[in-house]
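If you count by this note's numbering, then the sequence shown holds residues 16 to 191, one letter each, in order.
Glycine included, C-beta positions come from ideal geometry on N, C-alpha and C.
As structure tokens, the structure follows; a few thoughts come after it.
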Amino acid sequence: MILTGKEIKKRLEKDIIIEPYSDDRLNPNSYNLRLHNELVRYTESPLDMKKSNPSENLIIPDSGLLLQPGVLYLGRTLEYTETHNLVPMLEGRSSIGRLGMYVHVTAGFGDVGFKGFWTLEISVIQPLVIYPNVEICQIFYHTVEGEITEYKSGKYQGNKGIQTSMLYKDFENGKY
């Protein structure tokens with residue numbers, strides 16, 4: 016089951032934390048999250064799963080930043096979220112998608128217990144000017160059936176900003 020907007024609001028400061036929160040961004044069954052003014056872009060190609068790939072930070076000025084096709088940009092939400100006893104999910108807004116912008120390539124699924132900012136995997140199919148603080152995606156919540164084990168990964172939990180892939184840590188730890 017997916018929570019309604021009214022249920023999201025009712026669970027604020029209990030199962031759901033969204034900071035900052037505004038009723039203006041609450042939808043019938045989701046909440047709109049905004050784009051922070053920082054992006055990260057990898058600086059070398061090809062990328063290597065076994066390595067921490069070099070990247071550079073970009074700032075989105077109030078006048079806008081032109082994104083180019085064929086480039087993966089990592090962004091983050093302006094809002095910090097915590098979710099307990101529910102599964103958080105992230106989807107791009109249709110208004111964003113209709114401009115040819117993908118907000119997440121694969122990682123729209125969150126874990127019970129996630130705490131932090133959402134890293135957004137942004138790409139565009141044609142050149143697009145973007146702006147900070149735009150409502151870029153929406154978070155919604157699924158109920159959980161069964162015993163809950165909260166997310167505790169040391170890789171992404173409690174992040175303070177944009178995080179590049181840390182898959183290389185799994186190689187270092189002998190997982191692969």
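If you measure between the beta carbons of Tyr156 and Val102, is that distance less than 8 angstroms? Closer than 8 angstroms, so yes.
Burial state of Arg91 (16 or more Cβ within 10 Å): Around the beta carbon of Arg91, 16 or more other beta carbons sit within 10 angstroms, so the residue counts as buried.
Would you mind giving the Cβ-Cβ distance between Arg49 and Glu94, rounded to the nearest angstrom? I have them listed as a contact below 8 angstroms. Glu94 and Arg49 do touch by the CB rule: their CB atoms are close to 7 angstroms apart, below 8 angstroms.
Thinking C-beta only, is Asn68 closer than 8 angstroms to Thr158? The criterion of a C-beta distance shorter than 8 angstroms is not satisfied by Thr158 and Asn68.
For the alpha helix (DSSP H) containing Lys130, name the first residue and the last one. Careful: Lys130 lies outside any alpha helix (DSSP H), inside the beta strand (DSSP E) at 130 to 139.
For the alpha helix (DSSP H) that contains Gly112, what are its first and last residues? Its alpha helix (DSSP H) spans residues 109 to 112.
Which same chain residues end up closer than 7 angstroms to Phe124 when comparing Cβ atoms and leaving out the 5 residues on each side of it in sequence? Hits under 7 angstroms: Met104.
Exposure label - Tyr191; buried when at least 16 CB within 10 Å: Exposed, since its Cβ has fewer than 16 Cβ neighbours within 10 Å.
Taking only three categories from DSSP, how would you classify Gly194? There is no way to answer for residue 194, as the model of the chain reaches only from 16 to 191.
Can you look up Gly90 in the DSSP assignment and give me helix, strand or coil? In the structure shown, the three-state DSSP call for Gly90 is strand.
Identify whether Leu182 lies in helix, strand or coil by the three-state DSSP scheme. Helix at Leu182.
In the DSSP assignment, find the alpha helix (DSSP H) that holds Glu28 and state where it starts and stops. That residue, Glu28, is in no alpha helix (DSSP H); it is neither H nor E in DSSP.
Give me the DSSP bridge partner(s) of Pro103. Paired residues: Tyr156.
Spatial neighbours of Leu81 in its chain, beta-carbon cut-off 7 angstroms, leaving aside the 5 residues before and after: In the same chain as Leu81, and ignoring 5 residues on each side of it, the C-beta atoms closer than 7 angstroms to its own belong to Pro142, Val144, in chain order.
CB of Thr134 within 8 angstroms of CB of Ile33, strictly: Cβ atoms of Thr134 and Ile33: not closer than 8 angstroms.
Take the Cβ of Thr98 as the centre, count every other Cβ of all protein chains shown within 10 Å, and call the residue buried at 16 or more, exposed below. Per the 10 Å Cβ criterion, buried.
Based on Cα-Cα distance, which residue from Ser110, Tyr146, Ile23 lies nearest to Ser78? Ser78 has its Cα closest to that of Tyr146, out of Ser110, Tyr146, Ile23.
Below 8 angstroms CB to CB, which residues in the same chain sit around Leu87 once its five sequence neighbours on both sides are set aside? Correct list, in chain order: Arg56, Tyr57, Val120, Glu136, Ile137, Ser138.
Roughly how many angstroms lie between the CA atoms of Pro84 and Gly128, to the nearest whole one? Just so you know, the alpha carbons of Pro84 and Gly128 end up roughly 34 angstroms apart.
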